[in-house]
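S.K.:
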Amino acid sequence: MSAIDKRFKLSALHRRILKKPIPDNIGYGYCLGGMAFTFFLILAATGLMLTLYYVPSEAEAYKSVQKITEDVPLGWLVRSMHKWSASLFIIFILLHTLRVFAAKAYRAPRELNWIIGVKLLALSMGSGFTGYLLPWDQKAYWATEVGTSMAGTVPFIGEYLVQFIRGGREVGGETLIRFYSAHAFIIPLCIVALLWMHFHIVRRQGISKRL
Amino acid sequence: MKERIEEIEKTFYPHFVAEVVVVIFFCLQILIVISMLFVPEMGRPIDLSRQYQPRPEWYFLWLFELVKFFPGWSVVVGTVVVPLASVLLLMMMPFIDRGGSSSKMASIIFYLLLVMPVLLTISYILSH
Amino acid sequence: MKRREFLKRTINFFVAAAALFSSALFFRFVSPKFRLSSTEYFLLMPEDELPRRGVKKVEFPLQINGKKKRERVFISIVGSEILALSPVCTHLGCIVTWDNNASEFVCPCHAGRYNSAGVVLSGPPPKPLARLPLKIESGNVMIGWKV
């Protein structure tokens, strides 16, 4: 470690981060957001692993998930971890939101970070919704049928909205690919971008003091 | 002398990182235990002729229950207006709370936004 | 205007234009082709197999754009009328079932109830069950399906 550091001066480069003094009045309530982030990393890692076996097509999706749970070594565990960390991710985001609200830490000058946080919560739930379809089983199909039909209740543009979300008139192969793309690429990229802002703003503004 | 200064001032590394590592380890422990105990089962393959009662993820149960209460033309209130308004209200929190009495107002709105889904989820669980 | 100011504005303009253009492109790319639906007729069953009374669930095969599917429809006899009712709940798209004892359609999702003619009795559905067109052609019942 130190031999590498001597040559590349890595620790000097990150000195500002490594040696940053931290206020000593922060309790364990402050780690809720960090826990949520930990679960996000686990989601990213297990999700990437699942893409190695998952096939997002109408004919193959169910079989490939079956293969992951029954055939692939430890596939059941990776899938289980992905599913459970998604729930824990949402739980910790909610707890983090509660704590931030209770501390009134959304007040000026932190408005923007609060808004980013709400967007992150919404995106995470969207990720959960799109991911729910991917096993392509009864539960997934009907939950998506109901969920996407909700957009159809909007007056005038409802019919168009539903087709936009589903990629067609009915929930089918196009919907599956769309949701896969959203779940595996579009939403995670948005989350990463927003998280980057979220953390940078915290570093700029410092941790909010307790009231 | 130098050592003493380092002891007085806690810095990100190693003081904070040590705690973080412990917390992450703790998270992983919980996750792995839960994942091994409760493995998600495969559902049945899609069969359009079999009627099926869908159940969304737990964090959407409140929405699933909410739409029951808006019949006829008002369906859109439950499906789009209330969820969208909740998110927008949550986002507007910093602008609702301008200090003084508006702070109380913000708290009331926030806890209403919190209680509504909780009650709806309980209502769902009770009716199934 | 100073040169510096001019350059800044040029950059802003091009960045904004590129952002606008690419988001319009993305939006058009993602939204599917809006197809006007037309009604096509498929064979449902021979005329003499039509029920005399009550409600019967009928499954029939159809082929749309070379893709084979099976669809379901409820044949409901109300008075002297033969109705073909879509089993799709008008609330949020679940499949309704026929409850013979109560003689009504029930949606399992949000407890919407319809009578044998598809008219909403209670619950959240905004519209009655969709009626599909039927016609009888040389002894066969044909059903109109939107494709």
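Read top to bottom, the protein sequences are chains A, B and C. According to this note's numbering, the first sequence is numbered sequentially starting from -18. According to this note's numbering, the second sequence is numbered sequentially starting from 10. According to this note's numbering, the third sequence is numbered sequentially starting from 350. A virtual CB, placed ideally from N, CA and C, is assigned to each residue, including glycine. These numbers were taken from a predicted model, which means no experiment stands behind them.
1) Excluding the five sequence neighbours on either side, which residues of its own chain have a C-beta within less than 8 Å of the C-beta of residue 44 of chain B, listed in chain order?
2) Taking only the alpha-carbon atoms, compute the straight-line gap between residue 127 of chain A and residue 70 of chain A and give it to the nearest angstrom.
3) Using CA coordinates, which residue listed in A:117, A:119, A:76, A:156 is at the minimum distance from residue 99 of chain A?
4) Kindly indicate if chain C contains any beta-carbon less than 7 Å away from that of residue 132 of chain B.
5) Using a beta-carbon distance below 7 Å, is residue 63 of chain B in contact with chain A?
6) Let me see if you follow: with CB-CB separation under 7 Å, is residue 74 of chain B close to chain A or not?
7) So, does the CB of residue 140 of chain A fall closer than 7 Å to a CB anywhere in chain B?
8) Give, in chain order, every unbroken run of the beta strand (DSSP E) that is at least 3 residues long and sits entirely within the stretch 72 to 101 of chain B.
9) Going straight from the alpha carbon of residue 61 of chain B to that of residue 111 of chain B, what length do you get?
10) Could you give the uninterrupted runs of the alpha helix (DSSP H) lying entirely in the stretch 43 to 71 of chain A, keeping only those of 4 residues or more?
11) Determine which residues share a DSSP beta bridge with residue 489 of chain C and list them.
12) For residue 100 of chain A, which of helix, strand or coil comes out of DSSP?
13) Per DSSP, residue 54 of chain B forms a beta bridge with which residues?
14) Between residue 381 of chain C and chain A, is there a C-beta pair that is closer than 7 Å?
15) Using a C-beta to C-beta distance shorter than 9 Å, which residues of chain B count as neighbours of residue 472 of chain C?
16) With DSSP run on the structure shown, which of helix, strand or coil describes residue 159 of chain A?
17) State yes or no: is the C-beta of residue 97 of chain A within less than 7 Å of the C-beta of residue 179 of chain A?
18) Tell me the DSSP secondary structure of residue 107 of chain A in three-state form.
19) Touching or not, the stretch 421 to 438 of chain C and the stretch 68 to 78 of chain B, by the rule of three or more beta carbon pairs under 8 Å?
20) So, for residue 14 of chain A: in the same chain, excluding its five sequence neighbours on each side, which residues have a beta-carbon less than 7 Å away from its beta-carbon?
M.R.: Reading off the structure:
1) On the second sequence, residue 44 of chain B is found 35 positions in, with the first residue counted as 1. Same-chain partners within the cutoff: there are none.
2) For the purposes of this step, residue 127 of chain A is identified with residue 146 of the first sequence, where counting begins at 1. For the purposes of this step, residue 70 of chain A is identified with residue 89 of the first sequence, where counting begins at 1. Whole-angstrom Cα-Cα distance: 24 Å.
3) Numbered from its first residue, the first sequence carries residue 99 of chain A at position 118. Measuring from the Cα of residue 99 of chain A, the nearest candidate turns out to be A:76.
4) Counted from its first residue, the second sequence places residue 132 of chain B at position 123. So no, residue 132 of chain B is outside the interface.
5) On the second sequence, residue 63 of chain B is found 54 positions in, with the first residue counted as 1. Taking a beta-carbon distance threshold of 7 Å, residue 63 of chain B counts as an interface residue toward chain A.
6) What you label residue 74 of chain B is simply residue 65 of the second sequence in a count that begins at 1. Output row for residue 74 of chain B: interface = no.
7) The residue labelled residue 140 of chain A in the question sits at position 159 within the first sequence. Chain B contact via Cβ: absent.
8) Secondary structure in the stretch 72 to 101 of chain B: no beta strand (DSSP E) run of 3 residues or longer lies completely within the stretch.
9) Indexing the second sequence from 1 puts residue 61 of chain B at position 52. Indexing the second sequence from 1 puts residue 111 of chain B at position 102. Going by the C-alpha atoms only, they are around 47 Å apart.
10) none
11) Locating residue 489 of chain C in the third sequence gives position 140, where the first residue counts as 1. C:395, C:486.
12) Start at 1 with the first residue of the first sequence, and residue 100 of chain A comes out as number 119. In this structure, residue 100 of chain A counts as helix in the three-state DSSP scheme.
13) Position 45 of the second sequence holds residue 54 of chain B. Paired residues: A:118.
14) Walking along the third sequence from the start, residue 381 of chain C turns up at place 32. Output row for residue 381 of chain C: interface = yes.
15) Position 123 of the third sequence holds residue 472 of chain C. Within 9 Å Cβ-Cβ: 77, 80.
16) Counted from its first residue, the first sequence places residue 159 of chain A at position 178. If DSSP states are grouped into helix, strand and coil, residue 159 of chain A belongs with the helices.
17) Counting from 1 along the first sequence, the entry for residue 97 of chain A is found at position 116. Counting from 1 along the first sequence, the entry for residue 179 of chain A is found at position 198. In this structure, residue 179 of chain A lies closer than 7 Å to residue 97 of chain A by Cβ.
18) Within the first sequence, numbered from 1, the residue matching residue 107 of chain A stands at position 126. Correct three-state label for residue 107 of chain A: helix.
19) no
20) Here residue 14 of chain A refers to the residue found at position 33 when the first sequence is read from its first residue. Cβ within range, chain order: 77.
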